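K.L.:
Dumping the structure here so I can ask a few things about it.
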Amino acid sequence: MGNISIKHYFKNNGSGGSDTSAHVDVEEEDEDFEPPKNRYARRQSVCAEAYNPDESDDEEENSVVYPKTDVQRKRLNEAVRNILLFKNLDQEQLNNVLDAMFERKTVADEHIIDQGDDGDNFYVIDRGIFDIYVKIDGVDKKVGAYNNKGSFGELALMYNTPRAATIVSNGEGIIWGLDRVTFRKIVLKAAYLKRKMHEALLEKVPMLKHLNEFERMNVADALESRQYNDGDVIIQQGEEGSSMFFIEKGEVSVKIKDDGGREVEVTCLNEGRYFGELALVTHKPRAASVYSKGSCKVAALDILAFERLLGSCMEVMKRNIGDYEEQLSKLGLSNRDLRGK
Ligand code: 1OR
């Protein structure tokens, strides 16, 4: 068990050429990743050439398409399912990326990447064990291994730096490669645009006004967009809470069951408003159900990121419980206990 943390630096496109490097922490949860058991197990901070889509020289080149059988496509879909960097892609972008990926069978002791080389491809693991070596005092030391899932090779492509580690196939395996140009043109650009969009959304949220730029950026990167259609349930009253939500587009309806079990609309929320924080603050079941009104798009922040990144907003959120209680009382539902321990 373990996780890989990679700090990304994107360049802010300030019009006056100001270079305020943005900083974000992307985490890829990978249950089968064995973390290195030494001082290098700590979070990595990588500060190198920043990504700036306006300066991207890769734009005009078209991606190659590697035809795949249905079986290959299925395996590839499965392999990329939990790759965090791909979560920012819309369906068309994902299809283009999958088209451009090529299958590579590996044999025992094959070096997929050598530390110090230039970056060519990003790799997603289909199956097999891949050992990670890093030069320490000039000697290759094994610092971890990927076990049948995960991805590697993104750092050199993101920052135009030499490969930071050596990756060796431990036995036979299968990986899917994605060339540098397509990786930068589609994957990196989508991650950059997602951050910008979510930062703009978070700036509109008064509760977050005392987060500094760096904190807001980390929240922006932790958000995951979700699309809902009219009537879809986003939150079900009584369930355990695992995320809070910021409304990116559209409206939601918040409903509470009255004492007869009938649902009563207590409020409607629109763009820039948030919901779903109460259960995360109080550690009690969801106090209301939330439905999409028409189509809506929300940005979800999971409970772990919530606790890690929004600690400083907790007091504001606790104070808001008073407002909820007031609303309930107006609806004659004041017997509800919203507050947790
Ligand atoms: P890359 O393009 O630099 C080597 O090519 C890849 O190995 C790298 O991207 C990462 O995807 C992957 N430090 C640096 N790169 C690592 C590490 C790592 N682990 C996996 N890669 N570690 C720090 C060791 C000093 C291990 C951290 C858990």
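Residues 130 to 470 (my numbering) make up the sequence shown, in order.
By construction, the Cβ of each residue, glycine as well, lies at the ideal position given by its N, Cα and C atoms.
Values in this document were obtained by computation on a predicted structure and should not be read as measured data.
Following a CB-centred definition, is Gly267 positioned closer than 8 Å to any heavy atom of the ligand 1OR?
P.N.:
The answer is no for Gly267.
K.L.:
For a quick check, are the C-beta atoms of Glu301 and Gly257 less than 9 Å apart?
P.N.:
Contact: yes.
K.L.:
Rounded C-beta distance between Tyr403 and Phe375? I'm assuming under 8 Å.
P.N.:
5 Å between Cβ atoms; contact.
K.L.:
Helix, strand or coil: which one does DSSP assign to Val194?
P.N.:
The answer is coil: DSSP assigns Val194 none of H, G, I, E or B.
K.L.:
Sort Lys459, Asn299 and Asp246 by Cα distance to Leu286 and report the nearest one.
P.N.:
Answer by Cα proximity: Asp246.
K.L.:
Between the alpha carbons of Gly461 and Ala429, how many angstroms are there, rounded?
P.N.:
Distance between the alpha carbons of Gly461 and Ala429 is about 31 Å.
K.L.:
If we ignore side chains and look at the alpha-carbon of each, how far apart do Ser458 and Val395 end up?
P.N.:
Cα to Cα, the separation comes out at about 11 Å.
K.L.:
Express the C-alpha separation of Met446 and Met336 in angstroms, rounding to a whole number.
P.N.:
Between Met336 and Met446, the C-alpha separation is close to 8 Å.
K.L.:
Using 9 Å as the threshold, is the C-beta distance between Gly379 and Ser424 below it?
P.N.:
Going by C-beta atoms, Gly379 is nearer than 9 Å to Ser424.
K.L.:
Excluding sequence positions up to five away, which residues of its chain have a Cβ less than 8 Å from the Cβ of Val194?
P.N.:
Answer for Val194: Asp228 and Ala229, listed in chain order.
K.L.:
In three-state terms, what does DSSP make of Arg202?
P.N.:
Correct three-state label for Arg202: helix.
K.L.:
Could you say if the region 191-211 and the region 303-310 meet the contact criterion of at least three C-beta pairs nearer than 8 Å?
P.N.:
The answer is yes - the region 303-310 touches the region 191-211, with three or more Cβ pairs under 8 Å.
K.L.:
Let me know the secondary structure DSSP gives Leu430 once reduced to three states.
P.N.:
Note: Leu430 maps to strand in three-state DSSP.
K.L.:
Assign Asn211 to one of three DSSP states: helix, strand, or coil.
P.N.:
In the structure shown, Asn211 sits in coil (DSSP, three-state: anything other than H, G, I, E or B).
K.L.:
Can we count Gly273 as close to the ligand 1OR, meaning its CB is less than 8 Å from some heavy atom?
P.N.:
Result yes, Cβ under 8 Å from the ligand 1OR.
K.L.:
Within a Cβ cutoff of 7 Å, which residues of the same chain sit near Asn250, ignoring the five residues on either side of it in sequence?
P.N.:
Same-chain partners within the cutoff: Gly282, Gly306, Leu307, Asp308 and Arg309.
K.L.:
Identify every residue that forms a DSSP beta bridge with Phe375.
P.N.:
Answer is Tyr403 and Ala428, bridged to Phe375.
K.L.:
On the three-pair Cβ rule with 8 Å, is the region 364-372 touching the region 405-420?
P.N.:
Yes: at least three Cβ pairs fall under 8 Å.
K.L.:
Quick one: is the Cβ of Ile261 within less than 8 Å of any heavy atom of the ligand 1OR?
P.N.:
Result yes, Cβ under 8 Å from the ligand 1OR.
K.L.:
By alpha-carbon positions, which one of Arg324, His327, Gly451 and Arg233 ends up nearest to Gln201?
P.N.:
Checking every option, the nearest Cα to that of Gln201 belongs to Arg233.
K.L.:
At a cut-off of 8 Å, is Ser298 close to the ligand 1OR when judged by its beta-carbon and the heavy atoms of the ligand?
P.N.:
Flag unset: Cβ of Ser298 not near the ligand 1OR.
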